[in-house]
Amino acid sequence: MLFNSAAFLLFLPVVLVLYVASPVGYRHWLLLAASYFFYMCWRPEYILIIIAMTLVDYWSGILMEQAGSKRKKLLYLCISLGIDLGMLFWFKYAMFAGETLNELFIWTDAPWRLNIWYILLPVGISFHTFQSLSYVIDVYQGRVKAERDLGFFALYIAYFPQLMAGPIERKSELIPQLRAQGLATAEDVRYGINKILLGFLKKVVIADSLAPFVDKFYETPQAWNGTAHYFALVLFGMQIFCDFSGYTDIAIGAARLMGVKLTENFNRPFRSLSVNEYWQRWHITLGTWVRDYLFVPLMYARPQRFAVNVLITFIAIGIWHGANWNFLLFGLVHGVATILQYHYGKISWLPQLTSLPGRFVRWFFTLQILLISGVFFRASTTHDAFAILGKLAAIRSFDPTSILAVMSKPQLAHVAIVLLLLAGTIALNRSLKFRHNRAYMVGMLTVIFLFGQSGGDHFIYFQF
């Protein structure tokens, strides 16, 4: 069940009505049943993965808290991490690992070959796995108490607004709100409806309008020159931002209609002056997760190996997104850029670019890194990615002819109009005065109906 589907537009109001009508002590069970149903609409059998992870981590948390020694506590943590990461590896990375080993065997003329099982990736497995991992690690480190109520813990793992693609929530932030089982205030309802409308505008008006044009560039990368591919990079940057932040807006809005405040996952990421700042503004809950549970422990263990620790962290971010070389290279580019930008700031005799023109230079170069690294994120193969990079490196002048071969002038005008609508909507949305204006909400709804793409694609981050 996709957020941008008629089924969800029926599902959400039904759940809200039942939630309000249910006795306070049973509301979390209703939400748990709704969340499991929501996930089972995709593949019913894969709900067993979520249930298994829930039971393992629920009991691991309790056993760690009851453990009489650090050794036992560590044992229970390792069991939990082993099972969680084992399931994630099997469903997401085993096929890639097997194919890579077979390629290595062929390259070295080794006689061995592995039989590859082609496994359908469970939707959102990286998200709910990381959410569950944060819980057991926090219990082990004494940051939070183990949750004793299985119902609330199961709902924490499977809460349907953020189950498929985040935000990745911590136990200390989400479970107390779920336990309150309160009702949304009038302010919550206004905010939630506004967020949902903004999310739909981003997804069905912007992202789904741009998707066909981006697809054309990447389906036949050899057919286009460097100018066209740079234009495609810009379009893809807009597409993926509107697609992912649109999902997050709908998730936050849906949760707020139940009185639950999810973490904001975006803060104008393309205004970043460095790649490191970008990961504090883009997919914020993933950035804080890898900082707290990977980078900080690495720096604590080996503080002198800053560059290595940064590379490990960003490569982990890359392969979190997907099991192929493109995502590894995507993370590597961000890691190298972070190291270079960090050391540049440490060299006193270099201009530090703190003035307004200097900040513009930093923003411009950071934006180019983000756009160019997007080639690895979007290209179908590593070969295609490097072919596109070669085209970009060969740019000598602006040549719009290949752009017009993909997009007619009316289509370009359509894209320009919807982008202006998005910019205006986001600007007005930051104003409390407009955010609660009914005419403004009706205006957003009108734009969605006039410019929205029916039968749109799934959200890009669902594949992760």
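In this note's numbering, the protein residues as written are 1352 to 1815.
Using N, Cα and C, we set each Cβ at its ideal position, and we do this for glycine too.
Residue nearest to residue i in terms of C-alpha spacing, selected from the options
i, options, result
"Asp1566", "Gln1590, Lys1553, Gly1550", "Gln1590"
"Arg1394", "Pro1374, Met1515, Phe1749", "Met1515"
"Leu1382", "Leu1501, His1672, Leu1506", "Leu1506"
"Gly1533", "His1379, Ile1746, Ala1767", "His1379"
"Trp1640", "Tyr1444, Ala1667, Ala1652", "Ala1667"
"Phe1582", "Trp1468, Ser1623, Met1758", "Met1758"
"Thr1732", "Arg1422, Lys1554, Thr1571", "Thr1571"
"Thr1797", "Ala1688, Ser1706, Phe1810, Leu1772", "Leu1772"
"Ala1338", "Arg1619, Leu1722, Ala1652", "Nothing in the structure corresponds to residue 1338, since the chain is present only between 1352 and 1815."
"Ala1531", "Ala1745, Pro1374, Leu1584, Val1712", "Pro1374"
"Phe1354", "Phe1389, Pro1708, Ser1748", "Phe1389"
"Val1365", "Arg1422, Ser1560, Ala1385", "Ala1385"
"Phe1592", "Val1555, Val1712, Ala1535", "Val1555"
"Ile1526", "Ser1483, Gly1493, Leu1707", "Ser1483"
"Ser1485", "Ala1767, Asp1643, Ser1420", "Asp1643"
"Val1712", "Ala1445, Ser1623, Ala1372, Gly1638", "Ser1623"
"Phe1728", "Arg1656, Ser1420, Gly1669", "Gly1669"
"Ser1767", "Gln1573, Leu1561, Gly1433", "As written in the sequence, residue 1767 is Ala, which differs from the Ser given in the question. Out of Gln1573, Leu1561, Gly1433, Leu1561 has the C-alpha closest to the C-alpha of Ala1767."
"Phe1716", "Tyr1629, Leu1501, Trp1463", "Tyr1629"
"Tyr1569", "His1809, Ala1372, Phe1737, Tyr1387", "Phe1737"
"Glu1396", "Leu1472, Tyr1377, Trp1463", "Leu1472"
"Asn1493", "Ile1457, Lys1421, Ala1574, Ala1445", "Residue identity check: residue 1493 is Gly in the sequence provided, not Asn. For the residues Ile1457, Lys1421, Ala1574, Ala1445, the minimum Cα distance to Gly1493 belongs to Lys1421."
"Ala1324", "Val1371, Trp1463, Gly1638", "Here the chain covers residues 1352 to 1815 and nothing more, so residue 1324 does not appear."
Contacts around residue i, its chain only, beta-carbon distance under 7 Å, and the 5 residues preceding and following it disregarded
i, result
"Phe1701", "Per the sequence shown, the amino acid found at residue 1701 is Leu instead of Phe. Hits under 7 Å: Tyr1695."
"Ala1418", "Lys1424, Tyr1427"
"Leu1363", "Ala1605"
"Ala1461", "none"
"Val1540", "Leu1608"
Same chain, Cβ closer than 8 Å to residue i, neighbours up to 5 away in sequence not counted
i, result
"Thr1480", "Met1404, Asp1435, Leu1436, Met1438, Leu1439"
"Gly1588", "Phe1621, Leu1721, Leu1722, Gly1725"
"Arg1499", "Ile1413"
"Arg1789", "none"
Supposed contact pair residue j and residue i - C-beta distance, whole angstroms, cut 8 Å
i, j, result
"Ile1635", "Glu1615", "7 Å"
"Ser1724", "His1765", "Not quite, the Cβ-Cβ distance comes to about 28 Å (not below 8 Å), so this is no contact."
"Leu1662", "Leu1683", "7 Å"
"Gly1597", "Lys1546", "Wrong, their Cβ atoms sit about 10 Å apart, outside the cutoff."
"Ala1652", "Ile1690", "Actually they do not touch by this definition, with Cβ atoms about 18 Å apart."
"Ile1400", "Met1391", "Actually they are not in contact, since the Cβ atoms of Ile1400 and Met1391 sit about 12 Å apart, beyond 8 Å."
"Leu1586", "Phe1564", "6 Å"
"Ile1811", "Asp1594", "5 Å"
Pair within 8 Å by beta-carbon distance, residue i and residue j
i, j, result
"Ile1544", "Met1352", "no"
"Asp1750", "Thr1578", "yes"
"Val1474", "Asp1408", "no"
"Glu1416", "Ala1497", "yes"
"Val1626", "Ile1720", "yes"
"Leu1529", "Phe1503", "yes"
"His1580", "Ile1739", "yes"
"Lys1443", "Asn1576", "no"
"Ala1674", "Phe1447", "yes"
"Met1609", "Leu1367", "yes"
"Leu1704", "Arg1710", "yes"
"Pro1320", "Leu1613", "This structure gives no information on residue 1320, because the portion of the chain shown stretches from 1352 to 1815."
"Trp1671", "Ser1477", "yes"
"Gly1449", "Ile1470", "no"
"Ile1557", "Leu1770", "yes"
"Phe1551", "Ile1799", "yes"
"Pro1795", "Leu1549", "Before going on, a small fix: residue 1795 reads as Met here, not Pro. It is a contact, given that the beta carbons lie within the stated cut-off."
Residues near residue i by beta carbon distance below 6 Å, same chain, minus five either side
i, result
"Val1495", "Asp1489, Lys1522, Ser1523"
"Leu1755", "none"
"Thr1664", "Val1641, Leu1645, Phe1646"
"Gln1692", "Ser1625"
"Ser1411", "Tyr1427, Ser1431, Val1487"
"Val1611", "Gln1528"
Interface flag, residue i vs chain B, CB-CB below 8 Å
i, result
"Ser1386", "Of the protein chains in this structure there is only one, and it is not chain B."
Proximity test, residue i beta-carbon vs the ligand MN heavy atom, cut-off 7 Å
i, result
"Ile1467", "For the ligand MN, the structure offers nothing, since it holds no ligand at all."
query: With a cut-off of 8 Å, do at least 3 Cβ pairs link the region 1598-1613 to the region 1359-1372?
result: yes
task: Assess, as a yes-or-no matter, whether the region 1673-1680 is touched by the region 1453-1461 under the definition of 3 or more beta carbon pairs within less than 8 Å.
output: At 8 Å Cβ cutoff, the stretches do not touch.
- prompt: Do three or more CB pairs link the region 1630-1649 to the region 1517-1525 at distances below 8 Å?
  reply: yes
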